[in-house]
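In full-length UniProt numbering, the protein residues as written are 1 to 436.
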């Protein structure tokens, strides 16, 4: 039997697909463009009167989906390793939506060992002429197929065929397929603020030609992308592939020619951006999407010489502890891959890691607060431990904290805090015994 006949034999309706799920099953899916959104909505429609105690482990949805709503509590119990705006809204409205702290480098192991399930829900392209399916810009990882009893793939003809180990799988490895076309989630580039432009300038000045970069999301990333266009021979090994990186590849500033591992290839874990970005990725032989178990492994990251990791933060204390995921005890985003890339860049020969944040925030009531504080607010999550932090950057400069004692850390962080808060921070540091 050829692959076309096999494909036809595995093709089922949406109604048949959701009926493959039974009460007590443990499901897993991916993140962003790797989420089969129409399949999830069909499962929600089916679950209310038919399923109990189904556990569902996945990342975050960047398109609306229904199964996280409060009425599905007890029917579909979601455990998420990353909160986006949709997940935060579910929690605010009473959904049982517990957050799962896990480094992205460990998500595959978690889904295959610690919280091993029995059904994978994936999104992919229709098979090509060789019977191969691409899991697209945000692959869950074809290697997980060996650990699960059943894999159901939502075939989406709008999904770009993206290459990469663990991204392209034979159609006969999949148990069932359902055809459901839908647009991919779109995330426009953020327009940087004046402070974010200054932050980007401080960072870019230190990035050498030939560096291998990892870039996050937001205004700082957008500004850095623009400034990096003047660099040469940049490489890309990044957890998230964003619009700014596409521009670097198109203008020739990034060509991956000097990468130590995977030379000539842009390597990424997942993608979220514009339709132009997805079109750029379509069958692009110079782009490889790989599972987080590879992309975010600090031991892999460190093999790239001159690795430069650039991530955002929400709060930093005077000891150098970084919170990038919570507002006090309230989960806001996720552990993600920040610590993975901070450590990988620090272990890289010539590598550097930057954690960037504007010096202040303005509350809804109009109060201006410093993002650098003597101690993190009560309940705040430490995303990156102080012993891992190298550079902290605000619009007022760069503080190098690598291996420095507490008094040096405090003084350097105070120097890049907003001027209106420096005296108070100095007083607090002295009261805490950090500065004599």
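Backbone N, C-alpha and C fix where the C-beta goes; we use that ideal spot for every residue, glycine too.
Per DSSP, what kind of secondary structure is residue i in: helix, strand or coil?
{"i": "residue 284", "result": "coil"}
{"i": "residue 400", "result": "strand"}
{"i": "residue 138", "result": "coil"}
{"i": "residue 79", "result": "strand"}
{"i": "residue 150", "result": "strand"}
{"i": "residue 174", "result": "coil"}
{"i": "residue 108", "result": "helix"}
{"i": "residue 311", "result": "strand"}
{"i": "residue 395", "result": "coil"}
{"i": "residue 55", "result": "strand"}
{"i": "residue 438", "result": "Since the first and last residues shown for the chain are 1 and 436, residue 438 lies out of range."}
{"i": "residue 439", "result": "The requested residue 439 does not occur in the structure, where the chain is confined to residues 1 to 436."}
{"i": "residue 87", "result": "helix"}
{"i": "residue 145", "result": "helix"}
{"i": "residue 14", "result": "helix"}
{"i": "residue 28", "result": "strand"}
{"i": "residue 124", "result": "strand"}
{"i": "residue 301", "result": "helix"}
{"i": "residue 99", "result": "strand"}
{"i": "residue 187", "result": "coil"}
{"i": "residue 389", "result": "coil"}
{"i": "residue 168", "result": "strand"}
{"i": "residue 155", "result": "strand"}
{"i": "residue 113", "result": "helix"}
{"i": "residue 119", "result": "strand"}
{"i": "residue 60", "result": "coil"}
{"i": "residue 416", "result": "coil"}
{"i": "residue 289", "result": "strand"}
Anyone know if the C-beta pair for residue i and residue j falls short of 7 Å?
{"i": "residue 253", "j": "residue 218", "result": "no"}
{"i": "residue 33", "j": "residue 136", "result": "yes"}
{"i": "residue 104", "j": "residue 351", "result": "no"}
{"i": "residue 4", "j": "residue 118", "result": "no"}
{"i": "residue 107", "j": "residue 292", "result": "yes"}
{"i": "residue 211", "j": "residue 234", "result": "yes"}
{"i": "residue 379", "j": "residue 328", "result": "yes"}
{"i": "residue 323", "j": "residue 381", "result": "yes"}
{"i": "residue 317", "j": "residue 355", "result": "no"}
{"i": "residue 433", "j": "residue 290", "result": "no"}
{"i": "residue 224", "j": "residue 204", "result": "yes"}
{"i": "residue 78", "j": "residue 94", "result": "no"}
{"i": "residue 370", "j": "residue 332", "result": "no"}
{"i": "residue 55", "j": "residue 163", "result": "no"}
{"i": "residue 429", "j": "residue 372", "result": "no"}
{"i": "residue 30", "j": "residue 140", "result": "yes"}
{"i": "residue 65", "j": "residue 40", "result": "yes"}
{"i": "residue 172", "j": "residue 6", "result": "yes"}
{"i": "residue 132", "j": "residue 168", "result": "yes"}
{"i": "residue 90", "j": "residue 134", "result": "no"}
{"i": "residue 13", "j": "residue 51", "result": "no"}
{"i": "residue 348", "j": "residue 302", "result": "yes"}
{"i": "residue 209", "j": "residue 232", "result": "yes"}
Could you name the residues of the same chain whose beta carbon sits closer than 6 Å to that of residue i, not counting the 5 residues immediately before and after it, in chain order?
{"i": "residue 155", "result": "126, 177, 179"}
{"i": "residue 386", "result": "319, 320, 321"}
{"i": "residue 398", "result": "202, 391"}
{"i": "residue 61", "result": "35, 86"}
{"i": "residue 11", "result": "177"}
{"i": "residue 412", "result": "399"}
{"i": "residue 28", "result": "57, 111, 117, 120"}
{"i": "residue 368", "result": "360, 362"}
{"i": "residue 45", "result": "none"}
{"i": "residue 109", "result": "none"}
{"i": "residue 153", "result": "122, 124, 174, 177"}
{"i": "residue 384", "result": "322, 338, 339, 342"}
{"i": "residue 251", "result": "229"}
{"i": "residue 216", "result": "311, 312"}
{"i": "residue 353", "result": "309, 342, 345, 346, 390"}
I'd like the list of long-range same chain contacts for residue i, defined as Cβ closer than 8 Å, with 5 residues on each side in sequence excluded.
{"i": "residue 48", "result": "71, 72, 75"}
{"i": "residue 358", "result": "193, 195, 196, 199, 371, 394, 395"}
{"i": "residue 414", "result": "318, 372, 422, 425, 426, 429"}
{"i": "residue 297", "result": "105, 340, 344"}
If I measure Cβ to Cβ from residue i and keep anything under 7 Å in the same chain, skipping five residues before and after, which residues do I get?
{"i": "residue 186", "result": "274, 275"}
{"i": "residue 334", "result": "81, 82, 83, 325"}
{"i": "residue 402", "result": "390"}
{"i": "residue 63", "result": "37, 185"}
{"i": "residue 260", "result": "303, 304, 305"}
Checklist entry - Would you call the region 274–289 and the region 313–329 in contact, with 3 or more CB pairs under 8 Å? => result Touching, no.
Checklist entry - If you scan the region 201–282 from start to end, which runs of the alpha helix (DSSP H) of 4 or more residues do you find wholly inside it? => result The qualifying runs are 219–227, 243–251, 275–281.
Checklist entry - In chain order, which beta strand (DSSP E) runs of at least 3 residues are fully inside the region 309–378? => result Runs found: 315–317, 352–356, 360–362, 368–370.
Checklist entry - Are the region 301–310 and the region 269–278 touching by the rule of at least three beta carbon pairs closer than 8 Å? => result Judged by Cβ distances under 8 Å, the region 301–310 makes no contact with the region 269–278, as fewer than three pairs qualify.
Next on the checklist: Using a Cβ distance threshold of 8 Å, determine whether the region 237–248 contacts the region 257–272, with at least three qualifying pairs required.
Outcome noted: A contact exists between the region 237–248 and the region 257–272.
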